[in-house]
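Asks:
Protein chains: 2
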Amino acid sequence: MKQKDYYMPEMSKTQIRRFLNKGTFTGKLATVKKDGSSHVVPIWFVLDYRNNEDDLGNMYFTTFIGSVKAENIQRDNRISMCIDDQTPPFSFVTIHGTAKLYPYKQKEVLKWATRIAERYIGKKDSKAYGERNSGEGAVLVRIKPTKIIAEKDITAWE
Amino acid sequence: MKQKDYYMPEMSKTQIRRFLNKGTFTGKLATVKKDGSSHVVPIWFVLDYRNNEDDLGNMYFTTFIGSVKAENIQRDNRISMCIDDQTPPFSFVTIHGTAKLYPYKQKEVLKWATRIAERYIGKKDSKAYGERNSGEGAVLVRIKPTKIIAEKDITAWE
């Protein structure tokens, strides 16, 4: 996909934030399994609340204790996540960072699960979804980015 | 994203094949870096030619020797790849498999790079793109699936 000769502008932090917040873009979360091979799944996530658009902040998603991704993170907290616009002219952001599980704060899980549901399935069903995803075994996960790669309009070369 | 109570039908092999071939869906290829952390990037890929729709076959993409993904695959050929429809009702396929590099067959690289370009940028520019992506250092990569997870219409629960 990548090739040196392309006109491939990077994104500013503000553009990255807007890109990550765009519609129902999912994150493809990659972790490492016990056997040392990779694991990648789509997740629903939201960004931290921030007033300053120039500060990317953290990302949040919920899962359940015992899921492959939760177990992988508990073993090694380093993650990477790819978000892309898979229609021409193609853009993507890849985040490298660390993930932290917050399994014991059900109220917080509910708050974030509801907010996440609002983004992906809309306000109407978000309460029911939030409750379902903050029950027993539910866990909030925070991603703290350490490195970001962002490339936009990959095929819009000049 | 996943939760047991959902109505979450799996896909047949034919459906998986059609899903992977759909429009300009990109693959999010996950590999493992030298330091043991994950790496994930979008790739353009095509499926093997097959007459039998019930046989998924292999996937092909091109990259360059020295790219992070090529180096990771040379170190450990186990990969995972996620392809998803990130609009409601949300569907995804995750492939676990092995990847093999074919660096010395420039004619083959050109053939596949051109075919890949046809899928993602259209017939018109595919020749130029194919040539650009099959020059020095270009490498064809074949993915052989060993395990497939497919879930469709995730939020269309009953």
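Chains as they are written, first to last, in numbering that gives the first Met the number 0: chain A, 0 to 157; chain B, 0 to 157.
Ideal Cβ placement from N, Cα and C applies to all residues, glycine included.
1) In the structure shown, what three-state DSSP assignment does ILE94(A) receive?
2) Can you name the residues of chain A whose CB is closer than 8 Å to the CB of ILE15(B)?
3) I want to verify the contact list: residues of chain A whose CB lies under 8 Å from the CB of MET80(B), in sequence order.
4) Helix, strand or coil for PHE44(B) per DSSP?
5) Determine the closest residue to ASN76(B) out of SER36(A), LEU46(A), PHE63(A), with distance taken between C-alpha atoms.
6) What did DSSP end up calling ILE15(A) once you bin it into helix, strand or coil?
7) With a threshold of 8 Å on Cβ separation, who are the neighbours of ALA175(B) within its own chain once the five nearest residues in sequence on each side are excluded?
8) When you check each C-beta in the stretch 72-96 of chain A against every C-beta of chain B, which residues fall closer than 8 Å?
9) At what residues does the alpha helix (DSSP H) containing GLU107(A) begin and finish?
10) Around the C-beta of ASN20(A), are 16 or more other C-beta atoms found within 10 angstroms, so that it is buried, or is it exposed?
11) Which whole-angstrom value describes the C-beta separation of PRO87(A) and ASP83(B), a residue pair presumed to lie in contact below a C-beta threshold of 8 Å?
12) Where does LYS68(B) sit, in a helix, a strand or coil, going by DSSP?
13) At a cut-off of 8 Å, is ARG131(B) close to the ligand ZN when judged by its beta-carbon and the heavy atoms of the ligand?
14) For VAL92(A), does the count of other Cβ atoms within 10 angstroms reach 16, so buried, or fall short, so exposed?
Replies: On the basis of the supplied data:
1) ILE94(A) falls in the strand class under three-state DSSP.
2) Chain A residues near ILE15(B): none, gap ~15 Å exceeds 8 Å.
3) VAL39
4) Here PHE44(B) sits in coil by DSSP.
5) SER36(A)
6) helix
7) Coverage of chain B is limited to positions 0 through 157, which leaves residue 175(B) absent and any answer about it impossible.
8) Within the stretch 72-96 of chain A, the residues whose Cβ lies closer than 8 Å to some Cβ of chain B are ASP75, ARG77, ILE78, SER79, MET80, CYS81, ASP83, GLN85, THR86, PRO87, PHE89, PHE91, THR93, HIS95, listed in chain order.
9) 105-120
10) exposed
11) The pair is not a contact, with the Cβ atoms about 18 Å apart (cut-off 8 Å).
12) Here LYS68(B) carries a helix assignment [DSSP, helix/strand/coil].
13) In the structure shown, the ligand ZN is absent, as is every other ligand, since no ligand is present at all.
14) buried
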